[in-house]
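Trainee:
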Amino acid sequence: ECVVHWFKRDLRTRDNTALSRASKKAEEGGVPLVCMFIVSPQDYEAHLTSAPRVDFELRTLEVLKADLEELNIPLYVTTIENRKDVPKHILEKCAEWGAKHIYCNIEYEVDELRREAKLTKACLAKGIDFTTVHDDVVVPPGALKSGSGNQYSVYSPWFRTWIKHVHEHPVLLNEADPISANPLSAKETFAAIFASSIPSAPPNKSLTEAERKRYANYWPPGEHEAALRLSRFLAEKIKKYKDLRNFPSLNSTSLLSVHLSSGTLAARTAIRAARDANSVTRLDGGSPGITGYISELAWRDFYKHVLCHWPYVCMSKPFKYEYADIEWEYNPAHFTAWCEGKTGYPIVDAAMRQMNEMGYMHNRCRMIVGSFLAKDLLIDWRLGEQYFMTRLVDGDFASNNGGWGFSASVGVDPQPYFRIFNPVLQSEKFDAEGEYIRKWVPELRGVGGKAVHEPYARGAGKEAEGKGYPRRIVEHKVQREKALERYKRGLGRG
Ligand code: FAD
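Using UniProt numbering, the letters of the sequence shown map in sequence onto residues 90 to 583.
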């Protein structure tokens, strides 16, 4: 007999709600804990999971396997080609190991909820106790309602209620109990699992050797790395976070999104640590850097709540139906130029190249390139949303969808459609010295001063052309008017 914990996007041993409960159950029953993870190439395909992200998960699983092994806990990892077979495979393994209890943390996307519903039914039929718990978010979806009893669709009042709720339920920030070691005999019983290795990435998500090295260098895996990054950020950067977080050249944010999205760090852990670094215990007082950071982490909760309450956002539909009828352009040359960072707008190009190289883009730049795609190129924001998923190492459906909905003015609590970022002004404001641009666009490294923001318009055309930097593919002024007209027309029809 044994208890099973099914790892998904919670790849850590510490402060993990379901794992902690599974461990307790095993200890109480005097039986071993067995952990499992399933590599599902069809899920990767369906969700456009990027190859760097899959690589990060697999590297993290190595760390996790070693950590668990120290506690005599086996981690079984296998690849299941057909995603419909995942529940069946879990049950087969449970039968083989004699498991009577399965634990996992809930994932809130539609496909995952359906899969869990299927597994719940199958477990019931087999007399297995299947426990799913909230862990990915600090406040469980459904817990917060506005005065009129509805779900919030605007962030600020939602955030005030979120803070109040956490203050009233301080237990939400408590650390989950540490897990206990299995008896030594588990080493022998599960020798085959201990001896097995982590599978390599499926062919549809493989990286070249050079890419693997590059991503491993940018994003060291595992929960220890996450904890280290968090403590360094708290010690060195959080106090100035609010003032500096918008400047992409300053490296002033936590760079923890990859860990939060794969669960090598829990949002709860990060918020608790930020709170403990503050001079007050309230989440909305003391250091503005700390409260600012907590508010950003809360956006992550917000978008997951949105996903649960309006699951149609998982189905390529904009949050508000009246935004569904905008007429988009499908210009493949423009889209390719955007993807490759060759639009002739230096800040846009720098940002896209940062993402293509690192699997990461600064938040300010995500908003700039999102707005540029929808309102300067007039290209359907969903193509941008999808491209991001195929590139980001921190790709997370809810945050990505929420961010795109915001930038393209079609989502929940969006930027109003008539607020159209001017990419040159954004560049001058948030990358005044052009450091970020010169870092990511080598063709412009020799361009001095302000000309870096628009080389062809400010006398550096020869230099830019000589190095092969493209001219603008569209004129912002012209496109802006078109965008306003299209959005208005779309709204009129909706
Ligand atoms: P920090 O500034 O240190 O913030 C701390 C944490 O708070 C982040 O790690 C993240 O978990 C959370 N957070 C911060 N801002 C947001 C936000 N606007 N929405 C939701 N959570 C937030 N974030 C992802 O994790 N995955 C995505 O796929 C993703 N796609 C995005 C797409 C667009 C178009 C936009 C505008 C934003 C997107 N974001 C996404 C949100 C944000 O850009 C990143 O979380 C952030 O840049 C990560 O860097 P960091 O860890 O240094 O952030």
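We put the beta carbon where it would ideally sit given N, CA and C, even for glycine. Owing to the predicted nature of the structure, the values given are computational and were not obtained by experimental measurement.
Assign V243 to buried or exposed, taking buried as 16 or more other Cβ atoms, counted over all protein chains shown, within 10 Å of its Cβ.
Mentor: By the 10 Å Cβ count, V243 comes out exposed.
Trainee: Can you give me the Cβ contacts of residue 79 inside the same chain, cut-off strictly under 8 Å, excluding the 5 residues immediately before and after it?
Mentor: Since the first residue of the chain shown is 90 and the last is 583, residue 79 is not available in this structure.
Trainee: Does the distance from the CB of I195 to the CB of D156 come in under 8 Å?
Mentor: For I195 and D156, no; Cβs fall outside 8 Å.
Trainee: For ligand 1, is there a heavy atom less than 7 Å away from the beta-carbon of Y382?
Mentor: Flag set: Cβ of Y382 near ligand 1.
Trainee: Based on the DSSP output, what are the partners of C454 in its beta bridges?
Mentor: C454 is not bridged to any residue.
Trainee: What separation, rounded to the nearest whole angstrom, lies between the Cα atoms of A463 and V175?
Mentor: Whole-angstrom Cα-Cα distance: 37 Å.
Trainee: Using 8 Å for Cβ pairs, my map puts G535 next to E552. What's the rounded Cβ distance?
Mentor: About 6 Å; that satisfies the 8 Å criterion.
Trainee: Apart from the five residues on each side of it in sequence, which residues of its chain come closer than 7 Å, Cβ to Cβ, to G492?
Mentor: So the list reads R455 and G459, once near-sequence residues are dropped.
Trainee: Cβ of F495 versus every heavy atom of ligand 1: is any distance shorter than 7 Å?
Mentor: Checking the Cβ of F495 against ligand 1 gives yes.
Trainee: Below 6 Å CB to CB, which residues in the same chain sit around D104 once its five sequence neighbours on both sides are set aside?
Mentor: For D104, where only same-chain residues beyond five positions count, the Cβ hits under 6 Å are E264, A265, A355 and T358.
Trainee: Nearest by alpha-carbon distance to R148: which of G557, A107, L296 and P163 is it?
Mentor: For the residues G557, A107, L296 and P163, the minimum Cα distance to R148 belongs to L296.
Trainee: Between H451 and S235, what straight-line distance do the alpha-carbon atoms span, to the nearest angstrom?
Mentor: In a straight line, the C-alpha of H451 is about 32 Å away from that of S235.
Trainee: To which residues of the same chain is T278 closer than 8 Å at the C-beta, ignoring the five residues directly before and after it?
Mentor: Contacts found: P121.
Trainee: I'd like the list of long-range same chain contacts for E336, defined as Cβ closer than 6 Å, with 5 residues on each side in sequence excluded.
Mentor: For the record, residue 336 in the displayed sequence is Phe; it is not Glu. So the list reads F519, once near-sequence residues are dropped.
Trainee: Taking DSSP's pairing of strands, which residues face C428 in a bridge?
Mentor: Per DSSP, none; premise fails for C428.
Trainee: Quick one: using the 10 Å Cβ neighbour count with 16 as the cut-off for buried, is L396 buried or exposed?
Mentor: So L396 ends up on the buried side.
Trainee: Short of 8 Å in beta carbon distance, which residues of its chain neighbour W388, apart from the five on each side in sequence? Order them along the chain.
Mentor: Result list for W388: Y244, S488 and G491, in chain order.
Trainee: Going by DSSP, name the residue or residues bridged to T220.
Mentor: BP columns for T220 point to Y192.
Trainee: Give every residue of the same chain whose Cβ lies closer than 6 Å to the Cβ of S516, excluding the five residues on either side of it in the sequence, and list them in chain order.
Mentor: Taken in chain order, the residues that qualify are I436 and H542.
Trainee: Please identify the residue among E385, P309, K276 and L372 whose C-alpha is closest to the C-alpha of T353.
Mentor: Nearest C-alpha to T353: P309.
Trainee: Check the DSSP bridge columns for E418 and list the partner residues they point to.
Mentor: Answer by DSSP bridge pairing, in chain order: I468.
Trainee: Starting from the Cα of R569, find the closest Cα among W95, D465 and W417 and give me that residue.
Mentor: Selected option, being the one with the closest Cα: D465.
Trainee: Could you tell me the distance, in whole angstroms, from the CA atom of V228 to the CA atom of F391?
Mentor: Distance between the alpha carbons of V228 and F391 is about 9 Å.
Trainee: Give the straight-line distance between the Cα atoms of R334 and G494, rounded to the nearest whole angstrom.
Mentor: Cα-Cα distance, rounded: 21 Å.
Trainee: Here's the rule I'm using: 16 or more other beta-carbon atoms within 10 Å means buried, otherwise exposed. How should R527 be labelled?
Mentor: The residue in question, R527, is buried, as its Cβ has 16 or more Cβ neighbours within 10 Å.
Trainee: Please confirm whether any heavy atom of ligand 1 lies closer than 7 Å to the CB of G492.
Mentor: Because some heavy atom of ligand 1 lies under 7 Å away, the Cβ of G492 counts as near it: yes.
Trainee: Check whether the Cβ of W388 sits closer than 7 Å to any heavy atom of ligand 1, and report yes or no.
Mentor: For ligand 1, at least one heavy atom lies less than 7 Å from the Cβ of W388.
Trainee: Suppose the cutoff is 6 Å on Cβ atoms and the five residues either side in sequence are ignored; what does the same chain contact list for W186 look like?
Mentor: Excluding residues within five positions, the ones whose Cβ falls inside 6 Å are C91 and V123.
Trainee: Taking the alpha-carbon of P259 as reference, which of K189, L233, R361 and R561 has the nearest alpha-carbon?
Mentor: Minimum Cα distance to P259 is reached at R361.
Trainee: Using only CA atoms, which one of A439, L100 and G523 lies nearest to E151?
Mentor: Nearest option by C-alpha distance: L100.
Trainee: Terminal residues of the continuous alpha helix (DSSP H) containing V143?
Mentor: From DSSP, the alpha helix (DSSP H) with V143 extends over A140 to E159.
Trainee: What separation, rounded to the nearest whole angstrom, lies between the Cα atoms of L472 and S129?
Mentor: Approximately 24 Å between the Cα atoms of the pair.
Trainee: For F283 and N271, what's the separation of their Cα atoms in angstroms?
Mentor: One C-alpha to the other measures close to 13 Å.
Trainee: In whole angstroms, what is the alpha-carbon distance linking K329 and W427?
Mentor: Cα to Cα, the separation comes out at about 32 Å.
Trainee: If you follow the alpha helix (DSSP H) that I282 is part of, which residue opens it and which one closes it?
Mentor: Taken as a continuous stretch (DSSP letters only), the alpha helix (DSSP H) holding I282 covers A280 to A284.
Trainee: With burial defined as no fewer than 16 other Cβ atoms inside 10 Å of the residue's Cβ, what is the status of A363: buried or exposed?
Mentor: Looking at its Cβ environment, which holds 16 or more other Cβ atoms inside 10 Å, A363 is buried.
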